[in-house]
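Worksheet: one structure, shown below.
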Amino acid sequence: MAVIANRIKGFADMYPPQSTLFTRMENTAREIFSRYGFVELRTPVLEYTDLFKRSIGEETDVVQKEMFTFPDRKGRMMTMRPEATAGVMRAYVEDARYSRESVSRLFTTGPMFRYERPQKGRMRQFHQINCECLGSHSPYADADLIIMLTRFLTALGLKDLTLKLNSLGCAHCRPLFKQALVDYLHRQDCCDQLCEDCTRRMETNPLRVLDCKQEKCRCVTDAAPRLLDYNCPECKEHFDTVLRLLDAAGVTYEIDHRLVRGLDYYCRTTFEVVSGSIGAQAAVAGGGRYDGLVRSVGGPDVPGVGFACGMERLALMLGDEEAPRPDFYAVAMDAQSRDLSFGLVQRLRGLGLTGEMNFSDAGFKGLMRQAGKSNARFCCIMGPDEAAAGAVVVKDMDSGEQQTLSLDAAADFLAANSDNGKK
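Position in the sequence shown counted from 1, then plus 1241, gives you our numbering.
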């Protein structure tokens, strides 16, 4: 007996209703984002490893512990993308879009890959929706992007969400905060209380200590210095403008002094949208400004701001999506009626209707059982008598009422009484 092939741990197959829900999320994103001038970019899932080291940061947990990295046959190190922004930056620079667009607004959807312990809302292959606005230093770009994100989430029907904001400062003022934080963490009463990961981060990436979810580390950082207190006047003005624009747009938010995000490239405005309904993996979207990222991958000094939404986490909040109801299910009793029924089915689909035909030689009761399982609104039944008359029996599967119609009349009737037909 052949050995059954199994899927890899942390990777999932996706059938309806989940695949239906993912399609709706992607289509809603396309509709909302296009109103803001964003166009879709598709990038490879495989990039040279150096791209992520340069953009995300060599000392980040993502690069140190979470990437799927391997050599190709020539010994070059390749990585399956752990996030989308670095690949977008590479494409933007390689295509030199900065030379012909003052501002580029790009969005992507697709799978990402991280070697983590699989759990609810977090798989080793997961899916994201990403937006990147490149070319503007303005706080208006930050606010515009955040408002677009909130409208996208609202359009999906999501509730119980909180928008959290912080400002990470810039290359001039953040080192002052970083030094103050390191000095604080090195105090004896602090460093002895940190978890193993934060003890390491204290030396390599101290801002990430603020992001730790362990209670003992959060107790230490409760009294830690705050980023906003170290923002320079320019960064403070930038952040205040973002808040003013969000207030004017009616967007509610909270200031979160712990919010630093997990990637090294962020500066100034950073934000997350969190949910109170999906447990520990609370962040469903997040992003911020990254004014040095394009330069880090070999491009010019182009500013940017962007965000990513985790689709699996959004799906946890939305629940199963009900599959669209088919308009018809076709049943044919013999060879002659099967040919005519097949032609009717193609005609109905040409009119925009959805449905299928049973091609088996099962008996009438078995065919009607399958029609019932299909959940179609109407069943089109054709036997020898109907085929000889060029007719079909159309049965309403809700009321049980049925009528015999010519093929032309049946097509007109179904088109007029379905949700999808061309009226």
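C-beta: ideal position from N, C-alpha, C; glycine also.
In three-state DSSP terms, what is residue i?
i: residue 1515; result: strand
i: residue 1637; result: strand
i: residue 1498; result: coil
i: residue 1359; result: coil
i: residue 1245; result: coil
i: residue 1479; result: helix
i: residue 1354; result: strand
i: residue 1391; result: helix
i: residue 1567; result: coil
i: residue 1665; result: Here the chain has residues from 1242 to 1664 only, and residue 1665 is not among them.
i: residue 1594; result: coil
i: residue 1538; result: coil
i: residue 1400; result: coil
i: residue 1462; result: helix
i: residue 1288; result: strand
i: residue 1375; result: strand
i: residue 1228; result: Coverage of the chain is limited to positions 1242 through 1664, which leaves residue 1228 absent and any answer about it impossible.
i: residue 1406; result: strand
i: residue 1654; result: helix
i: residue 1455; result: coil
i: residue 1546; result: strand
i: residue 1367; result: strand
i: residue 1664; result: Any answer about residue 1664 is weak, because its pLDDT of 49 lies below 50 and its placement is not dependable; what the coordinates show is given next. In the structure shown, residue 1664 sits in coil (DSSP, three-state: anything other than H, G, I, E or B).
Decide if residue i is buried, meaning its Cβ has at least 16 other Cβ atoms within 10 Å, or exposed.
i: residue 1381; result: exposed
i: residue 1333; result: buried
i: residue 1297; result: buried
i: residue 1405; result: buried
i: residue 1652; result: buried
i: residue 1513; result: buried
i: residue 1413; result: exposed
i: residue 1458; result: buried
i: residue 1516; result: buried
i: residue 1688; result: This structure leaves residue 1688 out entirely; the chain is present only between 1242 and 1664.
i: residue 1370; result: buried
i: residue 1575; result: exposed
i: residue 1463; result: exposed
i: residue 1391; result: buried
i: residue 1247; result: exposed
Let me check you understand the geometry: is the CB of residue i closer than 7 Å to at least one non-hydrogen atom of the ligand MN?
i: residue 1260; result: For the structure depicted, the ligand MN is absent and the ligand set is empty, with no information on it obtainable.
Can you tell which of the options has the C-alpha that lies nearest to the C-alpha of residue i?
i: residue 1306; options: 1389, 1512, 1483 and 1323; result: 1323
i: residue 1488; options: 1463, 1531, 1371 and 1388; result: 1388
i: residue 1344; options: 1369, 1252 and 1377; result: 1377
i: residue 1374; options: 1547, 1315 and 1500; result: 1547
i: residue 1313; options: 1290, 1300 and 1651; result: 1290
i: residue 1540; options: 1416, 1299, 1317 and 1335; result: 1335
i: residue 1320; options: 1292, 1440, 1338 and 1512; result: 1292
i: residue 1302; options: 1653, 1355 and 1556; result: 1355
i: residue 1358; options: 1294, 1251, 1637 and 1625; result: 1251
i: residue 1620; options: 1444, 1483 and 1639; result: 1639
i: residue 1477; options: 1516, 1407 and 1492; result: 1407
i: residue 1558; options: 1327, 1342 and 1401; result: 1401
i: residue 1649; options: 1523, 1611, 1410 and 1586; result: 1586
i: residue 1326; options: 1538, 1616 and 1605; result: 1538
Excluding the 5 residues flanking residue i on each side, which residues of the same chain have their C-beta closer than 6 Å to its C-beta?
i: residue 1535; result: 1330 and 1543
i: residue 1531; result: 1506, 1507 and 1545
i: residue 1352; result: 1366 and 1368
i: residue 1645; result: 1632 and 1634
i: residue 1588; result: 1652
i: residue 1274; result: 1348
Can you tell me where the alpha helix (DSSP H) with residue i in it begins and where it stops?
i: residue 1327; result: 1326-1335
i: residue 1276; result: 1259-1276
i: residue 1630; result: 1625-1630
i: residue 1611; result: 1605-1614
For residue i, I'd like the list of residues in its chain whose CB is within less than 7 Å of its CB, leaving aside the five on either flank, ordered along the chain.
i: residue 1564; result: 1257, 1258 and 1261
i: residue 1581; result: 1623 and 1628
i: residue 1647; result: 1631 and 1632
i: residue 1608; result: 1572 and 1599
Near residue i, what residues of its chain come up, given a Cβ to Cβ distance below 8 Å and the 5 sequence neighbours on each side ignored?
i: residue 1422; result: 1447, 1448, 1450, 1451, 1465 and 1466
i: residue 1664; result: Low local confidence applies: a pLDDT of 49 at residue 1664 is under 50, so the model's placement there is unreliable, with the coordinate-based value given in what follows. So the list reads 1656 and 1657, once near-sequence residues are dropped.
i: residue 1318; result: 1289, 1290, 1291, 1310, 1311 and 1312
Give the range of the beta strand (DSSP E) segment to which residue i is assigned.
i: residue 1530; result: 1524-1530
i: residue 1418; result: Segment 1415-1426 is the alpha helix (DSSP H) holding residue 1418; no beta strand (DSSP E) there.
i: residue 1343; result: First-last for residue 1343: undefined, no H or E at that position.
i: residue 1319; result: 1318-1321
i: residue 1305; result: Careful: residue 1305 lies outside any beta strand (DSSP E) and carries neither H nor E.
i: residue 1644; result: 1643-1647
Do we get a CB-CB distance below 8 Å when we pair residue i with the residues of chain D?
i: residue 1635; result: This model lacks chain D altogether, as it is built from one protein chain only.
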